[in-house]
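Under the working numbering, the first residue of the sequence shown is numbered 20, with each subsequent residue one higher. Think of the CB as a built atom: it goes at the ideal place given N, C-alpha and C, for glycine as much as any other residue. Note that this is a predicted model, so its numbers are computed, not measured.
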Amino acid sequence: MSIAPYIKEIGRGKQGARNLSREQAADLWGRLLEGGVTDLEVGAFCIAMRVKGETDQEMAGFLDATHARMPKFEADAPVVVIPSYNGARKLPVLTPLLAALLAREGLSVLVHGMASEDRRVFPQEMFAMLGMAVLESPRRLMAGEAVFVPTVVLNQGLHRLLEVRRVIGLRNPAHAMVKLMNPVVGKSLLVTSYTHPEYLESMGATFQLLHTNALLLRGTEGEAVADLRRHPRMDAFIDGKHILVQEAQPGSLSGVPELPPSIDAATTVTYTKRMLSGELAVPESIARQVRHILDLCRQL
20 MSIAPYIKEI
30 GRGKQGARNL
40 SREQAADLWG
50 RLLEGGVTDL
60 EVGAFCIAMR
70 VKGETDQEMA
80 GFLDATHARM
90 PKFEADAPVV
100 VIPSYNGARK
110 LPVLTPLLAA
120 LLAREGLSVL
130 VHGMASEDRR
140 VFPQEMFAML
150 GMAVLESPRR
160 LMAGEAVFVP
170 TVVLNQGLHR
180 LLEVRRVIGL
190 RNPAHAMVKL
200 MNPVVGKSLL
210 VTSYTHPEYL
220 ESMGATFQLL
230 HTNALLLRGT
240 EGEAVADLRR
250 HPRMDAFIDG
260 KHILVQEAQP
270 GSLSGVPELP
280 PSIDAATTVT
290 YTKRMLSGEL
300 AVPESIARQV
310 RHILDLCRQL
């Protein structure tokens, strides 16, 4: 079914574009996910939204449509959900380390993600190399277990929208939406990140609207793990109510583990194993993030 009437509303330029209601956004996004839309319309939608920007009501509608079309995961313990869609550009991607540390504390951890560009190192293969499950279909999660779920397992239409970036070179609402997405039924905490300060406000507004449980930080190159060199600001939302967990601390931390010589998957896995074994100390910024997550999970 054509989405041309929606493109007419959102494609009028920065000043003339009209925002969609939550219900309209859910209908539009549902059509995109179900695949009955031409490539031309998908491209027009992505460019129009890139110019206009998303409102919290639109993002809530996108999430409504996505959650209605994806499998749900259940677990024996509170689940920490970590979106992983940015990968590594200059620093090692330590999302698998964060997941492993949380699983050690008895939590279930679900990381979902995919590679949507070629110039970064993404952590999916690292999970398998570290002995963590990469799921090909939904199943119940166990306490003390960390798993990786490729986006295509959650929804093929969403995978397609994320892949548009390879064609047009620009992000679209799917890249923002996946950082708010939670496929878990039951007690869970979303641990997610933003790349630019304005997203702290927009993501926070969506969490408040949807009564989300979340920890939000400016992570490492877009990944939801604290920069190993410094303490970032962290904001929490419990049932949508905002809590400032910690302020950003200026300067670098002392005692930062020596960085590996490369950020490729194999080297990063070796680096991660050294920290998990105790050969290298876990950076204090990440250890503190783990403590914050454990405290928030006790409040669920």
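Status (buried if at least 16 other CB within 10 Å, exposed otherwise) for residue i
i	result
residue 156	exposed
residue 82	buried
residue 206	exposed
residue 269	exposed
residue 71	buried
residue 216	exposed
residue 127	buried
residue 73	buried
residue 242	buried
residue 189	exposed
residue 54	exposed
residue 278	exposed
Alpha helix (DSSP H) segment containing residue i, residue limits
i	result
residue 22	Here residue 22 belongs to no alpha helix (DSSP H), and DSSP marks it neither H nor E.
residue 85	75-86
residue 203	Careful: residue 203 lies outside any alpha helix (DSSP H) and carries neither H nor E.
residue 115	114-123
residue 59	58-71
residue 295	284-296
residue 46	41-53
residue 33	32-35
residue 147	143-148
residue 226	216-229
residue 178	175-187
residue 195	192-196
Separation of residue j from residue i, as counted between CA atoms
i	j	result
residue 123	residue 113	16 Å
residue 91	residue 129	12 Å
residue 24	residue 49	15 Å
residue 163	residue 34	50 Å
residue 180	residue 305	32 Å
residue 118	residue 319	19 Å
residue 247	residue 302	5 Å
residue 98	residue 47	30 Å
residue 231	residue 199	9 Å
residue 280	residue 286	8 Å
residue 308	residue 20	45 Å
residue 28	residue 289	51 Å
residue 58	residue 297	50 Å
residue 256	residue 108	29 Å
residue 145	residue 195	24 Å
residue 251	residue 139	22 Å
residue 295	residue 245	16 Å
residue 45	residue 78	9 Å
residue 170	residue 266	32 Å
residue 60	residue 116	40 Å
Neighbourhood of residue i by C-beta, 7 Å cutoff - its chain only, sequence neighbours within 5 removed
i	result
residue 299	276, 293
residue 263	254
residue 110	239, 240, 282
residue 40	76
residue 56	22, 50
residue 201	100, 207, 209
Cutoff 6 Å; reference residue i; Cβ partners in own chain excluding five residues on either side
i	result
residue 75	224, 225, 228
residue 88	52, 174
residue 65	183, 191
residue 104	132, 197
residue 204	91, 93
residue 151	165
Range of the contiguous beta strand (DSSP E) that encloses residue i
i	result
residue 132	127-132
residue 102	98-103
residue 257	253-257
residue 318	Here residue 318 belongs to no beta strand (DSSP E), and DSSP marks it neither H nor E.
residue 260	260-265
residue 165	165-169
residue 233	233-236
Own chain, CB closer than 8 Å to residue i, minus 5 neighbours either side, in chain order
i	result
residue 185	135, 136, 137
residue 125	96, 162, 163
residue 31	37
residue 259	226, 227, 228, 229, 230, 231
residue 187	62, 65, 66
Cβ-heavy atom distance, residue i to the ligand NAD, below 7 Å
i	result
residue 132	Judged by which ligands are present, the structure shown has none, so any question about the ligand NAD falls away.
Closer than 8 Å to chain D by CB, residue i
i	result
residue 115	In the structure shown, chain D cannot be found, because there is only a single protein chain.
| request: Flag this pair as touching only if the stretch 211-218 and the stretch 233-242 have three or more C-beta atom pairs under 8 Å; answer yes or no. | output: Yes, they touch.
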